[in-house]
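Beneath this line is the structure, given in structure tokens, with notes to follow.
Number of protein chains: 4
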Amino acid sequence: MKTLNVGMIGYGFMGRAHSNAFRKVGHFFDLPYQIVLKAVCARNEEKARAFAARWGYESVETDWKKLLAREDIDLVDICAPNDVHAEIAIAAARAGKMIMCEKPLARTGAEGEKMVRAVEKAGVPNTVWYNYRRIPAVTLAKQLIDEGRLGRIFHYRAKFLQDWTINPDLPQGGTGLWRLDVKVAGSGVTGDLLAHCIDTALWLNGSVDRVNAMTETFVKERKHVLSGKVEKVGIDDACAFLARFSNGSLATFESTRYARGHKALYTFEINGEHASIAWDLHDLHRLQYFDHRDQGTTRGWRSIHVTDGEHPYMAKWWVPGLAIGYEHSFVHQVADFLQGVAEGKPVGPTFKDALETQYVCDAVLKSAQTGKWEKVKKIR
Amino acid sequence: MKTLNVGMIGYGFMGRAHSNAFRKVGHFFDLPYQIVLKAVCARNEEKARAFAARWGYESVETDWKKLLAREDIDLVDICAPNDVHAEIAIAAARAGKMIMCEKPLARTGAEGEKMVRAVEKAGVPNTVWYNYRRIPAVTLAKQLIDEGRLGRIFHYRAKFLQDWTINPDLPQGGTGLWRLDVKVAGSGVTGDLLAHCIDTALWLNGSVDRVNAMTETFVKERKHVLSGKVEKVGIDDACAFLARFSNGSLATFESTRYARGHKALYTFEINGEHASIAWDLHDLHRLQYFDHRDQGTTRGWRSIHVTDGEHPYMAKWWVPGLAIGYEHSFVHQVADFLQGVAEGKPVGPTFKDALETQYVCDAVLKSAQTGKWEKVKKIR
Amino acid sequence: MKTLNVGMIGYGFMGRAHSNAFRKVGHFFDLPYQIVLKAVCARNEEKARAFAARWGYESVETDWKKLLAREDIDLVDICAPNDVHAEIAIAAARAGKMIMCEKPLARTGAEGEKMVRAVEKAGVPNTVWYNYRRIPAVTLAKQLIDEGRLGRIFHYRAKFLQDWTINPDLPQGGTGLWRLDVKVAGSGVTGDLLAHCIDTALWLNGSVDRVNAMTETFVKERKHVLSGKVEKVGIDDACAFLARFSNGSLATFESTRYARGHKALYTFEINGEHASIAWDLHDLHRLQYFDHRDQGTTRGWRSIHVTDGEHPYMAKWWVPGLAIGYEHSFVHQVADFLQGVAEGKPVGPTFKDALETQYVCDAVLKSAQTGKWEKVKKIR
Amino acid sequence: MKTLNVGMIGYGFMGRAHSNAFRKVGHFFDLPYQIVLKAVCARNEEKARAFAARWGYESVETDWKKLLAREDIDLVDICAPNDVHAEIAIAAARAGKMIMCEKPLARTGAEGEKMVRAVEKAGVPNTVWYNYRRIPAVTLAKQLIDEGRLGRIFHYRAKFLQDWTINPDLPQGGTGLWRLDVKVAGSGVTGDLLAHCIDTALWLNGSVDRVNAMTETFVKERKHVLSGKVEKVGIDDACAFLARFSNGSLATFESTRYARGHKALYTFEINGEHASIAWDLHDLHRLQYFDHRDQGTTRGWRSIHVTDGEHPYMAKWWVPGLAIGYEHSFVHQVADFLQGVAEGKPVGPTFKDALETQYVCDAVLKSAQTGKWEKVKKIR
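Those sequence lines, one after another, are chains A, B, C and D. Residues in the first sequence are numbered consecutively from 597, following my numbering. Residues in the second sequence are numbered consecutively from 597, following my numbering. Residues in the third sequence are numbered consecutively from 597, following my numbering. Residues in the fourth sequence are numbered consecutively from 597, following my numbering.
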């Protein structure tokens, strides 16, 4: 079997999630390539070496440009913070590497457009790690929609609620906290959390035409880890928006890091003419499904325990009733991506798919400024 | 419309529940009789008068024999403690009154047999207030079983869990606490709580052949309210038993007043070849239903919100989505009983039905003594 | 005890709910007045007589002006459709009657202002039947907020989802369907359902400063029952809006009659600095509560079964674990209102409180037209 | 770091679960040894080679005696069917190997005793894969009990419900179906499923004194895969038993493969004087906890989402809110076992711990025969 050599840039939370996926996928899926963890790249050589030792990367680099220059790297996985996605991805595309880029694609649509142009020009396989599409319950939702079970869609609603930044003494910036630093992250919950909700929504329910948003920064100033000074907080702590999809359905989206009791509660619900679907990340192995065509007296929301062999991806894992978790969504993405590479077919979400999410984020952030409905830029 | 004059004996918790049912039923159901609350009877005249004033009883009695002797009483409702059920009911039957008797029918099967003989000899309409049969979700369960949705039954399990007697300083005996006094109550959780579970089970799943039980009294001595002395506790604080139904299904039953966190958690589940059903009293307006014949990927437990017009009894109440509560089960029992009286048809649970429950209780308590499987006496 | 004579105008769904409350409240609550159901008024005399017979009203009227002219009426209960609230209420105030008016107060803030002026000028006790405030779990939420358990509030979100108008063959207008006729109802889900959400929100979380809304009418034309012709549908089938409260918290509100699987799912959630609260009408006897100050490893959302004696109103009903339902919220409102009357204290929601809800509705409907943030008119 | 060479016997469902654990554990836990997958052993060489290739075992064996004879094997992992556990484990102990044995320890207590003697005589580290102890929520339950949060224990109840053998056309015997063949499995649900429940119970609640059981075989005959003939089914399809623990608490246990709607619903609940705990495998990442010492009006069952860094094992995985699954319990067991080996400390469940479970199973199966209470043999 042909090998496929991976070079990873970054080694944080996502570096672990992706490495685990690369390590694990071949034990459960029949892959068209044998994955080799060739190199990991990070500015801090010591940390890079420790990470390489733990995960079995064959070598380390401290300059991503050197990594991209290596001929023995087939696929570049970008796990660095948002502000360097564009530069690295464009260079990687020019170097002819396949690219798996952590979400969001970029800080803005403008950055993203350059990235899309680069991968399209280079003709390299590319994907963005919007992993939640590949939670089996979410994939099942997509199947049910594609089968036409819901009929005309009236409503879509999604939320991503967290509570980890309520403490005003939490600083911003630096490792682990760059998500609070607007210069690095680009935005707050919009790019970090709503981007996930938007990606799923575009996949399940099609394009968004226009949005009307509000944002808030509850804690206005935080000490910056790098400068050591109290600085204005530039990110959005919370964001909610109304939306209209091209299919005529209405939507509400909301995200915050100030919702006590919710650690990572991503939830969506879709109401169609015939049936409705709901899902949440805190019980990710279940899909809630209501079908009005069920006989009347026994009609009810069904709690589907998505662990059967006939459910998406689940035949590869254990037996009915035994749950998989968060990390498996990354495994599925690697499996699907490599299959697509082997077959020469794009596998969503591609950079282009992710650009559409970026356009929605841009419109959301703009609307929060203007206080008006803003149109979402159409993907060409 | 013909009137039907009610005479109630007792004025405690159940006196309120029944009075509310009598008062309310005519506003929502089309009855064959106009109910008149003619008299309430209690030894304490002052309390009887207060109760009569609040609920609109036309008169009071302090001697139940006088109540039974009154010609203007058509129906006697027995809400007195268990130890006087038999004597009153037998006298009421002899006096030709219709009888609604609070559960359990009696303290023992032997007492119950005399009661059944009395009502059958007198030919008077009779029922026992096993009200949970008429929670709409429970009635729906019965319908689904009768429609054959479950197929062959493999398992039945029921529990009734409470936590109100954990405190060892709680005394026994007297008003409100006679349930802890074995002389008055006859038994502890077996007659008080398991009797409910058994009544439902016999109704839904047919006869029980044999049982194997254990009981426990966790708090061995409690001060007696009437004697003022610390006395041995004679009731069962907890009881669990295995059972085999005549239809070949296996069952577990359990009840206790020592289960922290459960106030009145009566729950049952039935597993059949094709479908399963589960219900609990803490969310009494829902029925859980799993049908294996549903299409595979969307199979799941359905949470049926039993509030639609086509659900049992619900067309009489509000609109879909708006729940009724505990008290309504009593209203339904009055409505059904009066309809049966008008049509000359017995309405379950009759005294005879309740005697079967008593036989199971007897076998349970005997098995707890012998440590062996005990056969349940067959109803003639 | 002094009697209090009730005259009811209307006999539909709400006529039943209110009559049941008047009939029942004295059995469970110690009231300062003895309620007498003196008269019911409806244009259709036959139906009025049938209603009077069922509920025990002493007399009937077919002209509400005659009812108001009667000296033996102390309290007028307005259950007629929205378009006549103002006229009747203003006349009732002038006639010196106490007024209980079904929600929403009026079709518009302008109408509502006249009503408020009328009752204030007349000095008559008044209330609007926003009954959900008095579901015990909702009242408990209010208590927890008033005790300061949540700390600074960051988020409020509410939804009221139904699915009963999805069928495009459902006509508009006439008895039972006047809620779909804009001329009678004034608006669709905004006045019918969101008004409930707004009333609760103002009570729990204070004033709303501004809103940004969208509405949609999914079924554009429906046959009109009265005209027999297909007519344009003027109501909003769905409405969602963003809001900012005066306390700095952000909110999302949504209502629709096109959400498959939801019959009457009113739900709200509040996220505070220390704790969060959530409730929904489909399981109205439970309150979800998360307190971050709980010890770390055992922190979790608590499902409070609001049936204990120490919970609001519950000492009046049954015993712990035994649920009450939808109808009881009306009973509580009568009890509280009469207590207020006896003490000479206003009991919320007064007409003035309900006017604030109307102002929010007005701003919502206006914003749906302008596509901009609209300020909510301040209550004087 | 010192290496630790693993030799695995068997390659089925559990072979995969264990191999995944060995492969994965070092990426997330800091281990005292570097695990090397040295050899896998199976009678079918082709399948063994395929398994070795997929999981990276360095070599294959087709005779387990040869595997035990190899000097380069430090740890033997027994994943073969129940009927060969004893022979292999005893030989492995004699060969001085550390042993990880799949549950149940053996088919009977008598077999198990020999195994315990063998490992104790040899002084080799040993454990049995009762993996559910190391689901973080279950481990948290153990912590809470050890902290004394529950106080005196009154009740324990456990169930393990499945529905995969309802179809009477399912054959018995052979790969994947040896669990239905009594000669290989030893028993049905008792050894397969109840053994899990008993292991957890002994760990959480101490010794069981006596039991009273019933078993049933619903499908009496099934075609045997190996013989090709219809043969009597010797296993128990369902088993329920009453139990009394040494600490005075009462218990009910039940298991079946005939409970429609339940795939692998292992659930337990413990009721103590002060607090109660409940858990189920279908939502394995949650622990339900009720603490009566919470303030009254806000007392309720807490749904603890066991995904925080301070929860057992969770600091090693992702971030709060992101669930792990079934497979991770095996990873935890490897990590704990190796730590114990390095420190020279036994890590439960040892063979001796598992023998106690076997004794309970023996008493259960005997009681099902005798219809009486049977004492559980005491562990020396």
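Where a beta carbon is used, it is the ideal one built from N, C-alpha and C, also for glycine.
Taking 9 Å as the threshold (C-beta atoms), are Y607/D and A635/D in contact? As a working note, residue 635/D is residue 39 in the fourth sequence. As a working note, residue 607/D is residue 11 in the fourth sequence. The Cβ atoms of A635/D and Y607/D do not sit closer than 9 Å to each other.
Got a sec: which bits of the stretch 845–859 of chain D sit with their beta carbon under 7 Å from any beta carbon on chain B, in order along the chain? Within the stretch 845–859 of chain D, the residues whose Cβ lies closer than 7 Å to any Cβ of chain B are, in chain order, L846, T848, E850, T852, Y854, A855, R856, G857.
Assigned exposure category for A706/B - 16 Cβ within 10 Å defines buried: Your numbering for residue 706/B matches position 110 in the second sequence. Classified as exposed, A706/B has fewer than 16 neighbouring CB atoms from the shown chains inside 10 Å of its CB.
For L822/A, which beta-bridge partners are listed by DSSP? Your numbering for residue 822/A matches position 226 in the first sequence. Note: L822/A sits in no beta bridge, so no partner.
Between which residues of its own chain and V724/C is the CB-CB distance below 6 Å, once the five residues before and five after are set aside? Residue 724/C sits at position 128 when you count from the first residue of the third sequence. Cβ neighbours of V724/C beyond the five flanking positions: C697, K699, L701, P945, A950.
Hey, how far is the Cα of I873/A from the Cα of K662/A? As a working note, residue 873/A is residue 277 in the first sequence. As a working note, residue 662/A is residue 66 in the first sequence. Their Cα atoms are separated by approximately 47 Å.
With the cut-off set at 9 Å, would you say S851/B and A836/B are in Cβ contact? On the second sequence, position 255 is the one that residue 851/B refers to. On the second sequence, position 240 is the one that residue 836/B refers to. Their beta carbons are under 9 Å apart, which means S851/B touches A836/B by this criterion.
Would you mind sorting G939/C into buried or exposed? The rule is 16 or more other CB atoms within 10 Å of its CB. Stepping through the third sequence from its first residue, residue 939/C is reached at position 343. This sequence places Glu at residue 939/C; Gly is not what is there. Around the Cβ of E939/C, a 10 Å sphere holds fewer than 16 other Cβ atoms; the residue is exposed.
Residue nearest to A691/A in terms of C-alpha spacing, selected from V943/A, I669/A, F926/A, P677/A: Mapped onto the first sequence, residue 691/A falls at position 95. Taking only the C-alpha atoms, the option nearest A691/A is I669/A.
Endpoints, the alpha helix (DSSP H) within which S615/C is located: The sequence position of residue 615/C within the third sequence is 19, counting from 1. Counting along the chain, the alpha helix (DSSP H) containing S615/C begins and ends at 609–624.
Return the residues of the stretch 613–625 of chain B that lie within a Cβ-Cβ distance of less than 9 Å from chain C, sorted by chain order. Result list: A613, S615, N616, R619, K620, G622, H623, F624.
Could you say which of G824/A, E817/A, G802/A lies nearest to D833/A if we only look at CA atoms? Taking the first sequence and counting its residues from 1, the one referred to as residue 833/A is at position 237. Ranking the options by Cα distance to D833/A, first place goes to E817/A.
Return the residues of the stretch 891–922 of chain B that lie within a Cβ-Cβ distance of less than 9 Å from chain C, sorted by chain order. Flagged, chain order: H901, T903, D904, W913, W914, V915, P916, G917, L918, A919, I920, G921, Y922.
Quick check: the stretch 604–622 of chain A against the stretch 912–926 of chain A, are at least 3 beta-carbon pairs closer than 8 Å? Short answer: they touch.
For F814/C, does the three-state DSSP call read helix, strand or coil? Mapped onto the third sequence, residue 814/C falls at position 218. In the structure shown, the three-state DSSP call for F814/C is coil.
Got a sec: which bits of the stretch 720–754 of chain D sit with their beta carbon under 9 Å from any beta carbon on chain C, in order along the chain? Result list: L736, Q739, L740, R745.
Compare the C-beta of H924/A against all C-beta atoms of chain C and say whether one is closer than 9 Å. Position 328 of the first sequence, counted from the first residue, corresponds to residue 924/A. It does not: the Cβ of H924/A has no partner Cβ on chain C nearer than 9 Å.
Compare the Cα-Cα distances from K948/D to each of W651/D, V720/D, E865/D and report the closest residue. Within the fourth sequence, residue 948/D is the residue found at index 352, counting from 1. Put simply, of W651/D, V720/D, E865/D the residue whose alpha carbon is nearest the alpha carbon of K948/D is V720/D.
Under 9 Å between the Cβ atoms of T953/A and L798/A? Your numbering for residue 953/A matches position 357 in the first sequence. Your numbering for residue 798/A matches position 202 in the first sequence. In this structure, T953/A sits near L798/A, with a CB-CB distance shorter than 9 Å.
DSSP three-state call for Y629/B: helix, strand or coil? By one-based count along the second sequence, residue 629/B stands at place 33. Shown here, Y629/B sits in coil according to DSSP, grouped into three states, outside any helix or strand.
Is F750/B near the ligand PLP, going by C-beta to nearest heavy atom under 8 Å? Of ligands this structure carries none, so the ligand PLP is not represented either.
Using a Cβ cut-off of 9 Å (strictly closer), state whether Q758/C contacts chain B. Here residue 758/C is taken as the residue at index 162 of the third sequence, counted from 1. Yes, contact with chain B.
Would K819/A count as contacting chain C if we go by Cβ distances under 9 Å? Mapped onto the first sequence, residue 819/A falls at position 223. No, K819/A lies away from the interface with chain C (no Cβ there is under 9 Å from its Cβ).
What do you reckon, are the CB atoms on H888/A and D759/C nearer than 9 Å? Working through the first sequence from its first residue, we reach residue 888/A at position 292. Working through the third sequence from its first residue, we reach residue 759/C at position 163. Yes, the Cβ-Cβ distance between H888/A and D759/C is below 9 Å.
Quick one: give me the first and last residue of the beta strand (DSSP E) that H751/A is part of. As a working mapping, residue 751/A is identified with position 155 in the first sequence. Per DSSP, H751/A belongs to the beta strand (DSSP E) from 749–757.
Rounded to the nearest angstrom, what separates V902/A and L877/D at their Cα positions? Within the first sequence, residue 902/A is the residue found at index 306, counting from 1. Within the fourth sequence, residue 877/D is the residue found at index 281, counting from 1. So the alpha carbons of these two residues sit roughly 14 Å apart.
Checking contacts by CB at 9 Å: is Y885/B closer than that to chain A? Here residue 885/B refers to the residue found at position 289 of the second sequence. Y885/B belongs to the set of residues whose beta carbon lies under 9 Å from a beta carbon in chain A.
Let me see if you follow: with CB-CB separation under 9 Å, is R775/B close to chain C or not? For the purposes of this step, residue 775/B is identified with residue 179 of the second sequence, where counting begins at 1. With 9 Å as the cut-off, R775/B does not count as an interface residue toward chain C.
Does the beta-carbon distance from V987/A to T761/A come in below 9 Å? Outside the modelled stretch of chain A, which goes from 597 to 976, sits residue 987/A, for which no answer is possible.
When DSSP labels each residue in this structure, what does H901/B get in the three-state scheme? By 1-based counting over the second sequence, the position of residue 901/B is 305. Residue state, collapsed to three classes: strand.
Cβ shell of F933/C (< 6 Å), same chain only, five flanking positions each side left out: Position 337 of the third sequence, counted from the first residue, corresponds to residue 933/C. Excluding sequence neighbours, F933/C sits near T723, V943.
Output yes if chain A places a C-beta closer than 9 Å to the C-beta of I794/C; else output no. Within the third sequence, numbered from 1, the residue matching residue 794/C stands at position 198. Chain A, which has no Cβ nearer than 9 Å to the Cβ of I794/C, makes this no.
Find the nearest neighbour of A737/C within the set R856/C, Q884/C, G917/C, judged by alpha-carbon distance. Position 141 of the third sequence holds residue 737/C. Nearest of R856/C, Q884/C, G917/C to A737/C, Cα basis: Q884/C.
Taking Cβ positions, are F1006/C and A855/A nearer each other than 9 Å? Since the first residue shown for chain C is 597 and the last is 976, residue 1006/C is missing from the structure and cannot be characterised.
Output, in chain order, the set of chain D residues within a Cβ distance shorter than 7 Å of W875/B. What you label residue 875/B is simply residue 279 of the second sequence in a count that begins at 1. Listed along chain D, no residue sits closer than 7 Å to W875/B by beta-carbon distance, the nearest being about 14 Å off.
Contacts that D673/C makes with chain B (C-beta to C-beta distance below 8 Å): On the third sequence, residue 673/C is found 77 positions in, with the first residue counted as 1. Close to D673/C, with beta-carbon spacing below 8 Å, lies no residue of chain B; the smallest spacing is near 16 Å.
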